[in-house]
Each structure stands twice: as structure tokens, then as C-alpha cells.
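Residue numbers (the numbering used here), protein chains in the order written: chain A, 216 to 517; chain B, 216 to 517.
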DNA sequence: GCCGCCCCCAAGAAGCGCTTATGCTCGATC
DNA sequence: GATCGAGCATAAGCGCTTCTTGGGGGCGGC
């Protein structure tokens, strides 16, 4: 087996014409060069260099090897370059999955910052929510998943084998029509909305809503359900019912005809980034994760 | 510095999908594979493989490396192939230099045998005699030189740094016109030809002739000098003088009108092959040398 | 004739790579 | 739900490789 290191040395010897000069060029001693050349000759089974007086000449086999060396070493260098570009965030792609419309502020901010910091990187964005997003992660179809979990949820997801990075604690707020009796209230307890018609969000949020309401002693009467947050806001604004939404979801929607009222006691969902332990070491993934965390801090502060 | 060995292992891991299988394919243990992959990841500074549950997936950097690997490894294999062909005498060239017309039997026999044994090898043949041929050797313009030296010559060549392989001891014979008084003699002493007109060979042979004659107490009267042996024979055959020639040179010429008489005391020249110590290790050179020696044994036997 | 350059050789020390042995995780099976 | 098999990680031990240092010899230039 010819080693690339040997080819590098052979080429240096061929160009400089001496072992000593090659050693200087490669940053090692002359005996090291001499030994490597001996090893290479032994491994190919034929002399490669002829010591004729002072000068060092290549044999035909040596010439053949040097001829191939440039291509091989160029290939190695190209490979190193490409990998270094990925490692150095000058290239590389991240496949990001986020829950639908949940990341309307976080993701754009993070991706904008990522692009500004590392213009060579590319991000693909898809929408899915757990458990689908976790499945995508585990099957290798994405690198990073944005998800959320409700604090104190009934069934905890099995994320034990994943890297779970909390990004943001997002509190729930009540949304009531602006003519509603509680529209001007400082805050509202969920029980006070027991008799209202409800407009629910996505299936998972709906489950959480039911759980919270049952904790307060009633079962909500759900008239509408949609996972489209602007639609929920619109329905509330039209006076068709009340809703409970994550604050982050409300923030990106203009609440026409609806009012946001703080919910007491506080119910929060935690927005997290999920990835595989190994993927967390991949530079592009780590950088994206970092920008998501930074974006989350920005949202939390505002 | 990426090592080719690592690429080979990475490729095996990528194709087999597991470290254990790669180890089996490569004939080493699983920890060896594991360690090499760790070393490779460390050397490029980014993960290359993602351990997701049971299966082993490539990261983007890993894919890039595998993509380059095939080309690099193919280059290495091609280089090994080419060198192995030279080492295995399936290819390769020898640049042979021989003294003019001195090798009319030796060289053709040897080269024919070489070609028969190793059809892929190529031999280039040039004519020169020492010191020119030695110069060509030292300057790297030829690989193997056929030369000769007279035993007991006045000036010994400085062949100390060369490989000198004696091939043949070639005795000198006298050539006299067939009507000459000595034409039927069993043998002739050089002194008996003191009064004859001489036909001399090449410059070096002429020098040797003069030296031998002076050793016998006379200076030959040289009427003609040519390094063309058939011409010498022709001149003698035409009765224009006598000559002393190497037996080998006479053998390849039909002695029309001339007779060969053994010379006493015996004067011999030694035909040798010369090469550089390092070049003697080159398979093609060694093989050619061997065939020359074998051809010489054949000539000596006949 | 001396000096400098360059190569080879030998010995010692450091580093590297492989193997064996062991523990752990995961997935399939009963 | 427990067991079993497969596969990876880790650690220890060993041998090999490879480097450096130091010394010797040869060749060319001043």
C-alpha cells in the first residue's frame, strides 16, 4: 500500500533533487526523508531513485510514481478543502424542521443571522411537528428539529436519546373578542371561560387545552379547530369564541377585533431544538442551533 | 493530512454500513475501524459519521470525503499497478549502450531472450565505447553499458564506483591472408608479424596492439586503421596486411581470403557489462544483465 | 589539500496502531 | 416484558513504525 505521505516526500525529492532539501521543505530531517524513501521503495519492490554522484535521479518507476503523485495529492487536497469548508462554515447545509407556524419569529431571525455570519451555508426548512419531526431526525432526513412541549404535559415524549436544547419558555395567553366582558381584564383564569365556545389550535395544542381545562374542572366546548393561528385570531375577532394561544403565535398576527389577556395561573410551553448527539457536533448544525438560541434570547428580551 | 488508509476504511464503512462489517471486509477488528474513523474525524475536525440507532450514516462532510475517495484510491491503485508492472518486468525500458560492432553476437542473443521472457520490456540500443559509455552511465543517459578491457592494459579505467560484471573473456587472434606463410600455422607469436604491414582496428584496440607489439620488441607499421571489423577482414583477405582481432569480432564475419591463426602467448580482452550500483537493482536492468551473462555463457560454450 | 555539503548507518526514544477484553445500548425474539 | 444477539465504545497492553540525534564516508568546490 502506497502512502500519500510517501508520495509527498518523493515529489519533494524529485523537485528539489536532494534528500536534505526535501527534508527542509517538508520540515523534517534528512534521515527521515531517506528512511521514507527506503520504505517506499521496499513497498513497491523496485528502486525509485538512483544516487549518481551528487545528484538524485528518478528511475522509470520513480517517474511513474511522481507522475501519478500530483493527481493523487491534488485529490487529497481537494477533499481536505471541501471538508475544511464544511468544518469552517464556509459551506454545508442544514436540514431544519420546525412545527407549523410556530417559528414565525424564531426561525427567520436565526436564519438571517446565520446567513450573515456564514454566507456559504445553506438551510432547508420543512414543516412538521413531533412526533413526525423526531422521526425525521432519527431516520436521518433532517438535522435539527424545532419542537415544543407543554410543561407538565400528561405524556412526556421520549427524547432521552436526543439533544434537547430549550430555547424559549412561551406562555399561553387567552384571546377574547374585544367586546367580551373579560376583554379589559388584567388577567383571566381559565375557569372563567368555562362556558365560552372555544376555538382550538392544532391537535396537540387542543389536547393540551383539554387537559388544562379539565384540570380547572370543565370540558371546553370546541366549536372550531384549526392549526392556522391567524385563522384562530380571526375567528375570535369575529366574536365566535375564545381561544388560548401561545404568546409567540399571537405576536406575529395582528389581533383584529380580539384582545389578548394574560392567563392565570401561568401555563407555559417550552420551545426546544432537537437533534441527535452526533449531529450536534456538526459545525453547521451547531451554528444553526446557536443562532436559534440567540434569536430566542432576543425574543425573550423584547 | 488525510491518509489514504483512512479513506479506504471510510469507504468500507459507508458501503457496508457498519464498523464490524467494514472490519471483516478489510481484515481487521472492529475497534481498529472505530479508532481509524475517530482519528480521521479528528484530523478533519468535523464528524463524518452519525451513529443513529443501529445504522451508520454519513454526514455531509463524510459524503464529500467518500466522493473524493474513489478517485484518490483509484489513482493510488493505478500508480501501484504501473510500478508493479515495471517491477514485474511486464513493462519498463532499458537504455543499453554497447561498443561498436563488438556485440554483434552478445546483444542480439540477449535481447531476443529478454523479449521472449518479458515481452513488455523495451530496450533502446546505442553505440559508444568507454570512456564515452561510462560518461553516459554516470550522467544518467543510459542504464547499462557493454564495454571491454584488455587484461594487463597500461591504463586501468576507474570503474571503482560501478558494477562491473565480467561477461566473456575474448582472446585475440591473428588474421593473415590465406596465401601468407603463416596461414597454415597452428599458432603464431606476435613477434613473427613484426615486419608485416598492419591493419588496425578502433583507436583503443590500436593502442592495445601497439602496446602488445612493443612488449614483443617492435613497433607495428600500421597501413590502415578502421573500426569496421568486416573491413579489417576484407583488407586482410585482399592481402594488404595482417591484423589482430578479438575472436568474437571475427566470428560474425565470413573471413574471405583470410585465415584465423591462434595468437601465442594468449592475449585476452574481457567483455564486461557496466552499470551503476543502484541501477543494478532495477528489475529491467537486472534482467537485461542476466540475459547478457547467459548469452555470454552460450558464446563461451560454442 | 581543506572545507562544506550530502548521504548512509545505528541507536534510542517517542508515537502510533492493532488486538484482546469488557461494558453498554439497541433491536429482535420468545 | 425478559432474554439474546449484534454492534459500538473504551481501556490496557503490546509490537511496530518513525522520528531524532550523532557519527562516518564520499564527492565537489575553493
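For glycine and all other residues, C-beta sits at the position ideal for the given N, C-alpha and C.
Helix, strand or coil at residue i [DSSP, three-state]
{"i": "residue 282 (chain B)", "result": "helix"}
{"i": "residue 486 (chain A)", "result": "strand"}
{"i": "residue 433 (chain A)", "result": "coil"}
{"i": "residue 471 (chain B)", "result": "coil"}
{"i": "residue 302 (chain A)", "result": "helix"}
{"i": "residue 447 (chain A)", "result": "helix"}
{"i": "residue 315 (chain A)", "result": "coil"}
{"i": "residue 216 (chain B)", "result": "coil"}
{"i": "residue 259 (chain B)", "result": "helix"}
{"i": "residue 240 (chain B)", "result": "helix"}
{"i": "residue 393 (chain A)", "result": "coil"}
{"i": "residue 399 (chain A)", "result": "coil"}
{"i": "residue 514 (chain A)", "result": "helix"}
{"i": "residue 387 (chain B)", "result": "strand"}
{"i": "residue 464 (chain A)", "result": "helix"}
{"i": "residue 508 (chain B)", "result": "helix"}
{"i": "residue 270 (chain B)", "result": "strand"}
{"i": "residue 453 (chain B)", "result": "coil"}
{"i": "residue 264 (chain B)", "result": "strand"}
{"i": "residue 169 (chain B)", "result": "What is shown of chain B runs 216 to 517, which leaves residue 169 (chain B) out entirely."}
{"i": "residue 382 (chain A)", "result": "strand"}
{"i": "residue 459 (chain B)", "result": "strand"}
{"i": "residue 542 (chain A)", "result": "The question about residue 542 (chain A) has no answer here: the residues shown for chain A are numbered 216 through 517."}
Contact under 7 Å by Cβ, residue i with residue j
{"i": "residue 489 (chain B)", "j": "residue 403 (chain B)", "result": "no"}
{"i": "residue 463 (chain B)", "j": "residue 390 (chain B)", "result": "no"}
{"i": "residue 448 (chain B)", "j": "residue 470 (chain B)", "result": "yes"}
{"i": "residue 472 (chain A)", "j": "residue 456 (chain A)", "result": "no"}
{"i": "residue 325 (chain B)", "j": "residue 507 (chain B)", "result": "yes"}
{"i": "residue 217 (chain A)", "j": "residue 290 (chain B)", "result": "no"}
{"i": "residue 344 (chain B)", "j": "residue 483 (chain B)", "result": "no"}
{"i": "residue 309 (chain B)", "j": "residue 351 (chain B)", "result": "no"}
{"i": "residue 304 (chain B)", "j": "residue 498 (chain B)", "result": "yes"}
{"i": "residue 262 (chain A)", "j": "residue 423 (chain B)", "result": "no"}
{"i": "residue 405 (chain B)", "j": "residue 388 (chain B)", "result": "no"}
{"i": "residue 487 (chain A)", "j": "residue 384 (chain A)", "result": "no"}
{"i": "residue 227 (chain A)", "j": "residue 237 (chain A)", "result": "yes"}
{"i": "residue 336 (chain A)", "j": "residue 307 (chain A)", "result": "yes"}
{"i": "residue 321 (chain B)", "j": "residue 502 (chain B)", "result": "no"}
{"i": "residue 500 (chain B)", "j": "residue 358 (chain B)", "result": "yes"}
{"i": "residue 416 (chain B)", "j": "residue 442 (chain B)", "result": "yes"}
{"i": "residue 302 (chain B)", "j": "residue 260 (chain A)", "result": "yes"}
Proximal chain A residues relative to residue i, where beta-carbon distance stays under 7 Å
{"i": "residue 267 (chain B)", "result": "353, 355, 491"}
{"i": "residue 335 (chain B)", "result": "Per Cβ cutoff of 7 Å: no residues; residue 335 (chain B) is ~12 Å from chain A at best."}
{"i": "residue 494 (chain B)", "result": "265"}
Listed by chain order, chain B residues near residue i by CB distance under 8 Å
{"i": "residue 242 (chain A)", "result": "Here the premise fails: no neighbours, minimum Cβ distance about 12 Å."}
Proximity test, Cβ basis, 7 Å: residue i and chain B
{"i": "residue 296 (chain A)", "result": "no"}
{"i": "residue 283 (chain A)", "result": "yes"}
{"i": "residue 437 (chain A)", "result": "no"}
{"i": "residue 486 (chain A)", "result": "no"}
{"i": "residue 405 (chain A)", "result": "no"}
Beta-carbon neighbours of residue i, restricted to chain B and to distances below 9 Å
{"i": "residue 497 (chain A)", "result": "261, 262, 265, 274, 275, 276"}
{"i": "residue 216 (chain A)", "result": "219, 220, 223, 291, 295"}
Proximal residues of chain B, C-beta to C-beta of residue i below 7 Å
{"i": "residue 280 (chain A)", "result": "294, 298"}
Beta carbon proximity, residue i to chain A, threshold 7 Å
{"i": "residue 304 (chain B)", "result": "no"}
{"i": "residue 507 (chain B)", "result": "no"}
{"i": "residue 219 (chain B)", "result": "yes"}
{"i": "residue 414 (chain B)", "result": "no"}
Partners in chain A for residue i, counting only beta-carbon separations shorter than 8 Å
{"i": "residue 307 (chain B)", "result": "275, 276"}
{"i": "residue 286 (chain B)", "result": "290"}
Distance cut-off 6 Å: residue i Cβ against heavy atoms of the ligand ADP
{"i": "residue 423 (chain A)", "result": "Of the ligands one can find in the structure shown there are none, so the ligand ADP has no counterpart to examine."}
Beta-bridge pairing of residue i - partner residues as DSSP gives them
{"i": "residue 359 (chain B)", "result": "B:311"}
{"i": "residue 412 (chain B)", "result": "B:436"}
{"i": "residue 340 (chain A)", "result": "A:311"}
{"i": "residue 252 (chain A)", "result": "In the DSSP output, where bridge partners are listed per residue, residue 252 (chain A) has none listed."}
{"i": "residue 404 (chain B)", "result": "B:479"}
{"i": "residue 247 (chain A)", "result": "Beta-bridge pairing links residue 247 (chain A) to no other residue."}
{"i": "residue 364 (chain A)", "result": "A:485"}
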